[in-house]
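In our numbering, the protein residues as written are 145 to 225.
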């Protein structure tokens, strides 16, 4: 994960497992929701979240039903990962 701002990731669990979660923190260390709290645009740059990183197969998703909407491994039937 590459960050060019004051946001930082906090990973819980092992990648590729149903327990994996990537939470986000603001510049003050407070947990935030990437879904609601990271603005689309910052100056001339756009912020985005990538669900399937280049050269990978496991799909990640925003866990919209969990508090602060962490990024989670997609564990739906038929999803690779």
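Here a beta-carbon is modelled for each residue, glycine too, at the ideal position from N, C-alpha and C.
Residues of its chain near residue i, where Cβ-Cβ distance is below 6 Å and the 5 sequence neighbours each way are ignored
| i | result |
| --- | --- |
| residue 147 | Low local confidence applies: a pLDDT of 49 at residue 147 is under 50, so the model's placement there is unreliable, with the coordinate-based value given in what follows. Closer than 6 Å at Cβ, skipping near neighbours: no residue. |
DSSP-derived helix/strand/coil call for residue i
| i | result |
| --- | --- |
| residue 193 | coil |
| residue 156 | strand |
| residue 145 | The predicted position of residue 145 is uncertain, since its pLDDT is 48 and thus under 50; no value can be drawn from it. |
| residue 175 | strand |
Closest residue to residue i among the options (Cα-Cα distance)
| i | options | result |
| --- | --- | --- |
| residue 151 | 170, 158, 212, 206 | 170 |
| residue 161 | 197, 182, 204 | 204 |
| residue 178 | 218, 219, 220, 210 | 210 |
Bridge partner(s) assigned by DSSP for residue i
| i | result |
| --- | --- |
| residue 167 | 154 |
| residue 182 | Residue 182 is not bridged to any residue. |
Same chain, Cβ closer than 8 Å to residue i, neighbours up to 5 away in sequence not counted
| i | result |
| --- | --- |
| residue 207 | 165, 213, 214, 215, 216 |
Cutoff 7 Å; reference residue i; Cβ partners in own chain excluding five residues on either side
| i | result |
| --- | --- |
| residue 184 | 190, 191 |
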